[in-house]
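K.L.:
Heads up, the final residue of the sequence shown is numbered 154 in full-length UniProt numbering, and it's a clean run with no missing numbers.
Ideal placement from N, C-alpha and C gives every residue a C-beta, glycine not left out.
Predicted model, so just to flag it, every value in this text is computed and none were measured.
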Amino acid sequence: MQSDSKQPIQIEADQGSLDQNNQSTTFSGNVIIKQGTLNIRAGSVTVSRNDKSEQLMKATGSPVKFSQELDGGKGVVNGQANTVTYSSAASLVTLTGNAKVQRGGDVAEGAVITYNTKTEVYTINGSAKSGVKSAAKSGRVSVVIQPSSTQKNK
1 MQSDSKQPIQ
11 IEADQGSLDQ
21 NNQSTTFSGN
31 VIIKQGTLNI
41 RAGSVTVSRN
51 DKSEQLMKAT
61 GSPVKFSQEL
71 DGGKGVVNGQ
81 ANTVTYSSAA
91 SLVTLTGNAK
101 VQRGGDVAEG
111 AVITYNTKTE
121 VYTINGSAKS
131 GVKSAAKSGR
141 VSVVIQPSST
151 QKNK
């Protein structure tokens with residue numbers, strides 16, 4: 001939800017360390033992040049601010065998992081990847097490595113998935129791997145789109 005970015009960020013973890021000079025905080029061990037309806041679970045998370053005071057987050061895990069309610073009662077989006085980065089200023093979530101996003105019955109998989117939280121637009125990229133027969137393992141993009149429930153069967 002767009003209103004999520006105006007909510008406080010709550011972080012829980014087994015350990016945490018703060019680097020005042022570099023304006024970054026690292027959390028490790030069963031990290032849980034909540035901001036409004038956005039929920040992220042990861043093994044390790046680094047939160048930092050750049051020179052413009054914009055927040056940047058990098059989460060790693062096996063895998064990192066996230067979920068967020070969509071505006072207008074459009075349901076929930078779920079995702080997972082080996083690494084997830086989030087830029088609050090750009091409103092971009094980037095999933096890298098075995099990336100997967102699911103919304104209802106629709107599923108997108110690729111090497112990298114970029115999700116704009118304001119526009120709800122996804123960009124999916126594969127990675128070139130040869131000699132593999134399945135789309136998910138070949139490095140190609142894989143998308144499954146369910147038929148609209150409002151269509152009439154003829």
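Among the residues of its own chain, which have a CB less than 8 Å from the CB of Asp106, if the five just before and after it don't count?
P.N.:
Closer than 8 Å at the Cβ level, and outside the excluded window around Asp106, lie Val143, Val144, Ile145, Gln146.
K.L.:
Roughly how many angstroms separate the alpha carbons of Asn98 and Gln80, rounded to a whole number?
P.N.:
Distance between the alpha carbons of Asn98 and Gln80 is about 8 Å.
K.L.:
May I ask you to list the residues that DSSP assigns as paired with Ser5?
P.N.:
The partner list for Ser5 (beta bridge, DSSP) is empty, contrary to what the question assumes.
K.L.:
Does the separation of the CB atoms of Gly46 and Ser67 fall below 8 Å?
P.N.:
Looking at the sequence shown, residue 46 is not Gly but Thr. Not a contact, by the Cβ cut-off of 8 Å.
K.L.:
In chain order, what residues of the same chain lie with their CB nearer than 8 Å to the CB of residue 186, ignoring the 5 residues before and after it?
P.N.:
It is not possible to answer for residue 186, since the shown part of the chain is limited to 1 through 154.
K.L.:
Quickly, what does DSSP pair Val76 with across the bridge? List them, please.
P.N.:
DSSP lists Glu69 as partners of Val76.
K.L.:
So, is Lys58 buried or exposed, given that buried needs 16 or more other C-beta atoms within 10 angstroms?
P.N.:
Burial call: buried.
K.L.:
How many angstroms separate the CA atom of Ser127 from the CA atom of Gln102?
P.N.:
If you take the alpha carbons of Ser127 and Gln102, they lie about 20 Å apart.
K.L.:
Could you pull out every residue in the same chain whose Cβ sits closer than 6 Å to the Cβ of Gln20, ignoring the five residues on either side in sequence?
P.N.:
For Gln20, where only same-chain residues beyond five positions count, there are no Cβ hits under 6 Å.
K.L.:
Rounded to the nearest angstrom, how far is the Cβ of Phe27 from that of Ser53, given a contact under 8 Å?
P.N.:
The Cβ separation is near 20 Å, so there is no contact.
K.L.:
What is the residue span of the beta strand (DSSP E) that Glu120 lies within?
P.N.:
Note, Glu120: premise wrong, no beta strand (DSSP E); not H, not E.
K.L.:
I need the straight-line Cα distance from Leu70 to Gly61, nearest angstrom please.
P.N.:
The alpha-carbon atoms of Leu70 and Gly61 are separated by roughly 24 Å.
K.L.:
Three-state secondary structure (DSSP) at Ile32?
P.N.:
Strand.
K.L.:
Lys100 by DSSP, collapsed to three states: which one?
P.N.:
Residue state, collapsed to three classes: strand.
K.L.:
Which one of Ser88, Gly139, Ile32 has the shortest CA to CA distance from Lys48?
P.N.:
The identity of residue 48 in the sequence shown is Ser, whereas the question assumes Lys. Checked all of Ser88, Gly139, Ile32; the closest Cα to Ser48 is Ser88.
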